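These protein sequence lines map, in sequence, to chains A and B. First residue of the first sequence? That's 60 in our numbering, and the numbers climb one at a time after it. First residue of the second sequence? That's 162 in our numbering, and the numbers climb one at a time after it. The block underneath contains the structure these notes are about, expressed in structure tokens.
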Amino acid sequence: MKELISQMSTLEIGIIVTITGIIIVFAMLILLVGVLQLFGYVSESIQKAHAKRADAIRTAAMAAMSEDGNYFDDKTVAAVVEDNDGLSEEVVAVISAAVASLYVNSGRKPVIKAIKKSSSRRTAWSNAGIADNTRAF
Amino acid sequence: MEAFLQTLIGIWEASGFNAFFVDDGWKYALMIAISCGLLYLAIVKQFEPLLLLPIAFGMLLANLPGANIYHPELWVLTGDGIDYGAVLHDGGVLDILYMGVKLGIYPPLIFLGIGAMTDFGPLISNPKSFLLGAAAQLGIFAAFVGALAIGFTPQEAGSIAIIGGADGPTAIFTTSKLAPHLLGPIAVAAYSYMALIPFIQKPIMRLLTTKKERLVRMSELRTVSKTEKIIFPVMVTIIVSLLIPDAASLVGMLMLGNLMKESGVVERICKTAQNELMNIITIFLGTTVGATTNAESFLNLKTLGIVLMGLVAFCLGTTGGLLFGKIMYIVTKGKVNPLIGSAGVSAVPMAARVSQQVGQSEDPGNFLLMHAMGPNVAGVIGSAVAAGVLIQMLG
Chain A
60 MKELISQMST
70 LEIGIIVTIT
80 GIIIVFAMLI
90 LLVGVLQLFG
100 YVSESIQKAH
110 AKRADAIRTA
120 AMAAMSEDGN
130 YFDDKTVAAV
140 VEDNDGLSEE
150 VVAVISAAVA
160 SLYVNSGRKP
170 VIKAIKKSSS
180 RRTAWSNAGI
190 ADNTRAF
Chain B
162 MEAFLQTLIG
172 IWEASGFNAF
182 FVDDGWKYAL
192 MIAISCGLLY
202 LAIVKQFEPL
212 LLLPIAFGML
222 LANLPGANIY
232 HPELWVLTGD
242 GIDYGAVLHD
252 GGVLDILYMG
262 VKLGIYPPLI
272 FLGIGAMTDF
282 GPLISNPKSF
292 LLGAAAQLGI
302 FAAFVGALAI
312 GFTPQEAGSI
322 AIIGGADGPT
332 AIFTTSKLAP
342 HLLGPIAVAA
352 YSYMALIPFI
362 QKPIMRLLTT
372 KKERLVRMSE
382 LRTVSKTEKI
392 IFPVMVTIIV
402 SLLIPDAASL
412 VGMLMLGNLM
422 KESGVVERIC
432 KTAQNELMNI
442 ITIFLGTTVG
452 ATTNAESFLN
462 LKTLGIVLMG
472 LVAFCLGTTG
482 GLLFGKIMYI
492 VTKGKVNPLI
502 GSAGVSAVPM
512 AARVSQQVGQ
522 SEDPGNFLLM
532 HAMGPNVAGV
542 IGSAVAAGVL
552 IQMLG
């Protein structure tokens, strides 16, 4: 390349280097655009598939819950809500859905008898720290 | 008494002060004044102080007559190349440190630190930003033609033109390969223009865009997964390095730094790359580059040509990015704000910030920063590719 350039006039060098340089820079970055777009398309497809599967599990859990009234009934819900100030029906539904999703493919049907707030004043992390520090040698 | 006077005269004649009055010694005094001016800009006006301060002080050290901290005669290319043995034997501290510039070590290490601090998410979520990064490199090649026209050699013209990429390490890397005798003035010009980005770009942005275009609000970028951010640097390194091997050291180190950041499993060395390593290399690079600006190499008409063509390259780069932004505005039927095109120069994140400021001056609720970061980081890759092309064709 150097020998070729050294044989050219200044004008020829200017034109050749400019045109070649612009074409190569654009071609390289267009190639990267194409690869990235393809990659983004594949990544988004995988993410959508994951999200769809998660939705399906959640839907199945909710469907199983609503089909079988043994998960909770209005009396249990009312009792729970009454016993716990601030624990709304929505929170009861979320906790119940979480429990149902654990058992959705196991064939077992758990029955929620009660939902109560933990009486401990300490958080779970505090309790874990205390347990760790006071464990017998 | 006579012996005493003779001794005093001898001390005076051996001093640097006397050297100012001998032959062209006044040039050293002028260079010291220029270095003090650059120190003022770096410290008081805060023009890219991290690099301009060591460059200015390196300039000061190199122009102290008789100090012999830097020996330009050791770096003159002979038929057998540079005599590194003589450098190690006879060189001063700045000569030893300068080897990192000459051997092309410091700029890739700077890129390692830059990669460790860069988030390529906005680019990955909108790959079309690469095109704006490519368009901004048009200024490099246009300035190349201009520099040839005013009498520079092709290698010198390539080194001057790369200033248009607005990337200090790339400019230093390219110049050290193509025209090392112009390293000092090109480095000073490159970093000075990078500091002046808000002043240079804003008038061009207002001139080349309409109010309607500046008011465009762009849609939110998609979320990029961690997997994409990890695969991106590996993929770019393989593709670019295989096609343009001369760009491998810059792009490879940039992507190594980024991979260290995104993987999340090497936090310790990532922190080192972002902080201690960057700081050490910045000190060595800045001081030694500044030391190459001795009176003979700096005070001549070529330096004036470099300063002027560097400014032209910079302006043309901004113009190229803006014009391509306008094309994208038309093609996407008004979904792309052309202002983000000016961020295609690789001065991260200042150029993106300027796009945000200009857009927000028209519409305070318009947040273009993350959209402009895409072309901005694409410009880093684009300028490294352009440098690789120039080195391959002219080196």
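Heads up, the beta-carbon is just placed ideally off N, CA and C, and yes, glycines get one too. Bear in mind the structure is a predicted one, so any value in this text is a computation, not a measurement.
(1) Given 8 Å as the limit, is there contact between the stretch 286-298 of chain B and the stretch 423-436 of chain B, that is, 3 or more CB pairs closer than that?
(2) Quick one: is residue 381/B near chain A, going by C-beta distance under 7 Å?
(3) At a Cβ threshold of 7 Å, is residue 215/B touching chain A?
(4) How close, in whole Å, do the beta carbons of residue 515/B and residue 362/B come, if the pair is a contact with beta carbons under 8 Å?
(5) State yes or no: is the C-beta of residue 112/B within less than 7 Å of the C-beta of residue 300/B?
(6) Can you round the beta-carbon distance between residue 414/B and residue 272/B to whole angstroms, since I take them to be within the 8 Å contact cut?
(7) Starting from the beta carbon of residue 330/B, find every residue of chain A whose beta carbon is closer than 9 Å, and list them in chain order.
(8) Mapping DSSP to helix, strand and coil, what is residue 186/B?
(9) For residue 265/B, does the three-state DSSP call read helix, strand or coil?
(10) So with Cβ pairs under 7 Å, would you call residue 512/B a contact of chain A?
(11) Considering only the beta carbon of each residue, do residue 219/B and residue 448/B sit closer than 7 Å?
(12) Does the Cβ of residue 430/B have 16 or more other Cβ atoms within 10 Å, making it buried, or fewer, making it exposed?
(13) Under 7 Å, Cβ to Cβ, is there at least one residue of chain B near residue 81/A?
(14) Check residue 274/B in the structure and name its three-state DSSP category.
(15) Out of 182/B, 178/B, 523/B and 192/B, which one is the CA nearest neighbour of residue 373/B?
(16) Buried or exposed, going by whether 16 or more other CB atoms sit within 10 Å of the CB of residue 323/B?
(17) Taking C-beta pairs closer than 9 Å, name the residues in chain A that residue 509/B reaches, listed in chain order.
(18) Thinking C-beta only, is residue 527/B closer than 7 Å to residue 535/B?
(19) Quick one: which residues of the stretch 76-102 of chain A get their C-beta closer than 9 Å to a C-beta of chain B? List them in chain order.
(20) For residue 546/B, I'd like the list of residues in its chain whose CB is within less than 7 Å of its CB, leaving aside the five on either flank, ordered along the chain.
(21) Between the C-alpha atoms of residue 467/B and residue 68/A, what's the straight-line distance to the nearest angstrom?
(22) What's the gap between the Cα of residue 313/B and the Cα of residue 76/A?
(23) Determine the contact status of residue 212/B and residue 352/B, defining contact as a CB-CB distance below 7 Å.
(24) Just the chain D side, please: which residues come within less than 9 Å of residue 389/B by C-beta, in chain order?
(25) Look at residue 325/B and residue 474/B and say whether their C-beta atoms are less than 7 Å apart.
(26) On the CB-based measure, 16 or more other CB atoms within 10 Å of its CB, does residue 476/B come out buried or exposed?
(27) Report the residue ranges of all alpha helix (DSSP H) runs contained in full by the stretch 287-370 of chain B; include only those spanning at least 4 residues, in chain order.
(28) Whole-angstrom Cβ separation of residue 454/B and residue 190/B, contact assumed at under 8 Å?
(29) Which class does residue 209/B belong to by DSSP, given the choice of helix, strand or coil?
(30) 7 Å is my cut-off, CB to CB: does residue 554/B come that close to chain A?
(31) Using a Cβ cut-off of 7 Å, pull out every chain A residue sitting near residue 298/B, in sequence order please.
(32) Closer than 7 Å, Cβ to Cβ, to anything on chain A: give me those residues from the stretch 285-297 of chain B, in chain order.
(33) What is the rounded straight-line gap between the Cα of residue 540/B and the Cα of residue 358/B?
(34) Answer with yes or no whether the minimum CB distance from residue 559/B to chain A is below 7 Å.
(35) Could you tell me how far apart the beta carbons of residue 255/B and residue 231/B are, in whole angstroms, since I believe they sit closer than 8 Å?
Taking the structure as given:
(1) no
(2) Looking up residue 381/B in the second sequence gives position 220. Not one chain A Cβ lies under 7 Å of residue 381/B.
(3) Numbered from 1 along the second sequence, position 54 holds the residue referred to as residue 215/B. Not one chain A Cβ lies under 7 Å of residue 215/B.
(4) The residue labelled residue 515/B in the question sits at position 354 within the second sequence. The residue labelled residue 362/B in the question sits at position 201 within the second sequence. Right, the Cβ-Cβ distance comes to about 5 Å (below 8 Å), so this counts as a contact.
(5) In the structure as shown, chain B starts at 162 and stops at 556, and residue 112/B therefore has no counterpart that could be examined.
(6) Locating residue 414/B in the second sequence gives position 253, where the first residue counts as 1. Locating residue 272/B in the second sequence gives position 111, where the first residue counts as 1. 4 Å between Cβ atoms; contact.
(7) Reading the second sequence from its first residue, position 169 is the one you call residue 330/B. By Cβ distance, chain A contributes nothing, its closest Cβ being about 18 Å from residue 330/B, past 9 Å.
(8) On the second sequence, residue 186/B is found 25 positions in, with the first residue counted as 1. Correct three-state label for residue 186/B: coil.
(9) Reading the second sequence from its first residue, position 104 is the one you call residue 265/B. Three-state result, residue 265/B: coil.
(10) Residue numbering aside, residue 512/B sits at position 351 when the second sequence is read from its first letter. Under the 7 Å criterion on CB atoms, residue 512/B is classed as non-interfacial with respect to chain A.
(11) Here residue 219/B corresponds to residue number 58 of the second sequence, with the count starting at 1. Here residue 448/B corresponds to residue number 287 of the second sequence, with the count starting at 1. Yes, these two residues count as a Cβ contact at 7 Å.
(12) Mapped onto the second sequence, residue 430/B falls at position 269. By the beta-carbon neighbour count (other beta carbons within 10 angstroms, threshold 16), residue 430/B is exposed.
(13) Against the first sequence, residue 81/A aligns to sequence position 22. Yes, its Cβ sits closer than 7 Å to a Cβ of chain B.
(14) For the purposes of this step, residue 274/B is taken as the residue at position 113 of the second sequence. Looking at residue 274/B - three-state DSSP - the assignment turns out to be helix.
(15) In the second sequence, the residue the question calls residue 373/B occupies position 212. Relative to residue 373/B, the option among 182/B, 178/B, 523/B and 192/B whose CA is nearest is 523/B.
(16) In the second sequence, counting from the first residue as 1, residue 323/B sits at position 162. Classification of residue 323/B: buried, given that the 10 Å Cβ count is 16 or more.
(17) By one-based count along the second sequence, residue 509/B stands at place 348. Listed by position along chain A, the residues whose Cβ is nearer than 9 Å to that of residue 509/B form an empty set, because the closest Cβ is around 17 Å away.
(18) As a first step, residue 535/B must be located in the second sequence, where it is residue number 374. As a first step, residue 527/B must be located in the second sequence, where it is residue number 366. In this structure, residue 535/B keeps its C-beta atom at 7 Å or more from the C-beta atom of residue 527/B.
(19) 76, 77, 78, 79, 80, 81, 83, 84, 85, 86, 87, 88, 89, 90, 91, 92, 93, 94, 95, 96, 98, 99 and 102
(20) As a first step, residue 546/B is located in the second sequence; it is residue number 385 there, counting from the start. Answer for residue 546/B: 401, 405 and 408, listed in chain order.
(21) As a position in the second sequence, residue 467/B is number 306, starting the count at 1. As a position in the first sequence, residue 68/A is number 9, starting the count at 1. Approximately 22 Å, taken between the alpha carbons.
(22) The residue you call residue 313/B lines up with position 152 of the second sequence. The residue you call residue 76/A lines up with position 17 of the first sequence. One C-alpha to the other measures close to 15 Å.
(23) Here residue 212/B refers to the residue found at position 51 when the second sequence is read from its first residue. Here residue 352/B refers to the residue found at position 191 when the second sequence is read from its first residue. Yes, these two residues count as a Cβ contact at 7 Å.
(24) The displayed structure is made up of protein chains A and B, and chain D is not among them.
(25) Here residue 325/B is taken as the residue at index 164 of the second sequence, counted from 1. Here residue 474/B is taken as the residue at index 313 of the second sequence, counted from 1. Yes, the Cβ-Cβ distance between residue 325/B and residue 474/B is below 7 Å.
(26) For the purposes of this step, residue 476/B is identified with residue 315 of the second sequence, where counting begins at 1. Buried, since its Cβ has 16 or more Cβ neighbours within 10 Å.
(27) 290-296, 299-310, 315-322, 329-339, 344-356 and 358-369
(28) Start at 1 with the first residue of the second sequence, and residue 454/B comes out as number 293. Start at 1 with the first residue of the second sequence, and residue 190/B comes out as number 29. That belief does not hold up - the Cβ atoms of residue 454/B and residue 190/B are roughly 14 Å apart, past 8 Å.
(29) Along the second sequence, one-based indexing puts residue 209/B at 48. Looking at residue 209/B - three-state DSSP - the assignment turns out to be coil, as it is neither helix nor strand.
(30) For the purposes of this step, residue 554/B is identified with residue 393 of the second sequence, where counting begins at 1. So yes, residue 554/B belongs to the interface.
(31) By one-based count along the second sequence, residue 298/B stands at place 137. By Cβ distance, chain A contributes 84.
(32) Residues of the stretch 285-297 of chain B with a C-beta atom less than 7 Å from some C-beta of chain A are 285, 288, 289, 291, 292, 294 and 295, listed in chain order.
(33) Looking up residue 540/B in the second sequence gives position 379. Looking up residue 358/B in the second sequence gives position 197. Rounded to the nearest angstrom, the two C-alpha atoms are 15 Å apart.
(34) No answer is possible for residue 559/B: it lies beyond the span of chain B, which begins at 162 and ends at 556.
(35) Working through the second sequence from its first residue, we reach residue 255/B at position 94. Working through the second sequence from its first residue, we reach residue 231/B at position 70. Going by Cβ atoms, the distance from residue 255/B to residue 231/B rounds to 4 Å, so yes, they are a contact pair.
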